[in-house]
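To keep things clear, I will list the structure first and then write my remarks on it.
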Amino acid sequence: MTLLSAIVLATVLLTSIASALPQVVREKKPSWPPVKDPCTLSPDPGPCEALIPKYFYDSERQTCEQFMWGGCDGVVPFHSLEECEESTCNPCDQSPDPGPCKARFIRHFFNKEIGACDTFVWGGCLGNVPFVTLADCLDAKCSAH
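All letters in the sequence shown, in the order written, are residues 1 to 145 by UniProt numbering.
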């Protein structure tokens, strides 16, 4: 057997063996940190000088407020007043969501059915936590509207 024949034979054998082995599949990594919640973004008009009305949620006032965007770059949490108002940024209006993780943290939300702050078990990642502490919920002075 010549050297060239031996190399070809070895290559064929290695290729056959490699194709018989289980394939390693690389999972796509989830983006982390997750996309920022527009309810928590601070508006930034950017460097340009157009005056385009856009909106952000003011958590202190618990209302949607207008700011003037420059037309490029910057941060625009909401493009319209309607989009902002429909976003349930007010934690009093948010539903609890335990998320996919398996930790067991006690967290709080405003339960509109009973008109009071209530508890739920949060899994420790993702999901939605309207209030971390009972005091936070009580301080928000939520109402059942």
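Quick reminder that beta carbons are idealized off the backbone N, C-alpha and C, glycines included.
When DSSP builds the beta bridges, which residues end up paired with residue i?
i, result
"A116", "N111"
"residue 150", "What is shown of the chain runs 1 to 145, which leaves residue 150 out entirely."
"I52", "W69"
"V121", "I106"
Is residue i helix, strand or coil by DSSP?
i, result
"E85", "helix"
"P91", "helix"
"T2", "coil"
"D44", "strand"
"residue 206", "Nothing can be reported for residue 206: it is not among the residues displayed for the chain, which extend from 1 to 145."
"D97", "strand"
Considering only the beta carbon of each residue, do residue i and residue j sit closer than 8 Å?
i, j, result
"G99", "G70", "no"
"C142", "F110", "yes"
Taking only the alpha-carbon atoms, compute the straight-line gap between residue i and residue j and give it to the nearest angstrom.
i, j, result
"residue 146", "E49", "As shown, the chain starts at 1 and ends at 145. That puts residue 146 outside it, with no answer to give."
"residue 155", "D93", "Coverage of the chain is limited to positions 1 through 145, which leaves residue 155 absent and any answer about it impossible."
"L134", "M68", "36 Å"
"F105", "D139", "20 Å"
"H79", "P130", "24 Å"
"K112", "G124", "24 Å"
"E60", "P96", "21 Å"
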